[in-house]
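Position one of the sequence shown corresponds to residue 20 (the numbering used here), numbered consecutively onward.
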Amino acid sequence: MSTDTVAPVNVTDRAAGRIREILAQEPPNTMLRVSVLGGGCSGFQYDFGFDTQAQQDDLVISRDGATVLIDPISLPYLAGSEIDFVDELIGAAFRINNPNATASCGCGTSFSV
20 MSTDTVAPVN VTDRAAGRIR EILAQEPPNT MLRVSVLGGG CSGFQYDFGF
70 DTQAQQDDLV ISRDGATVLI DPISLPYLAG SEIDFVDELI GAAFRINNPN
120 ATASCGCGTS FSV
């Protein structure tokens with residue numbers, strides 16, 4: 020699937036707010052990078068990291084002062100997804116609501132397609 024035909028990835032207000040808070044503690048121009056890696060208990064897993072430079076072929080999502088980068092290999096797996104931030108009794112975490120996932124693990128960090 021080419022990145023030209025994939026549905027966009029949405030960042031919720033809650034996620035943008037939390038990303039802004041986290042990035043405020045990092046060096047200037049730091050952005051959140053979201054990737055999909057092989058592994059995890061369901062076959063693929065989400066990876067969150069920091070980057071200070073977007074690559075030419077990255078999808079760059081800017082919302083309310085928060086910037087998220089997604090590489091072109093991960094993008095088809097995340098197409099149409101929503102990146103949210105939840106704060107529940109069991110803990111606070113970013114959660115990706117991924118319509119492409121056919122199964123996911125209980126912790127929400129790995130999935131299969």
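Glycine included, every Cβ here is placed at the ideal spot set by N, Cα and C.
Alpha-carbon to alpha-carbon, alanine 73 and glutamine 44: To locate residue 44, count along the sequence shown from 1; it is residue 25. To locate residue 73, count along the sequence shown from 1; it is residue 54. One C-alpha to the other measures close to 19 Å.
Run of the beta strand (DSSP E) containing glycine 68, from where it starts to where it stops: For the purposes of this step, residue 68 is taken as the residue at position 49 of the sequence shown. Residues 63 to 70.
Per-residue burial, leucine 108 [other beta carbons within 10 Å of its own, 16 or more giving buried]: As a first step, residue 108 is located in the sequence shown; it is residue number 89 there, counting from the start. Classification of leucine 108: exposed, given that the 10 Å Cβ count is below 16.
Beta-carbon gap between threonine 31 and glutamate 101 smaller than 8 Å: To locate residue 31, count along the sequence shown from 1; it is residue 12. To locate residue 101, count along the sequence shown from 1; it is residue 82. In contact: threonine 31 and glutamate 101 (Cβ atoms closer than 8 Å).
Sheet register partners of valine 107 (DSSP bridge): For this step, residue 107 is matched to residue 88 along the sequence shown. The amino acid occupying residue 107 in the given sequence is glutamate; valine does not appear at that position. DSSP output for glutamate 107 lists Gly110 as bridge partner(s).
Glycine 57, enclosing beta strand (DSSP E) - first and last residue: Locating residue 57 in the sequence shown gives position 38, where the first residue counts as 1. Glycine 57 -> beta strand (DSSP E) spans 50 to 57.
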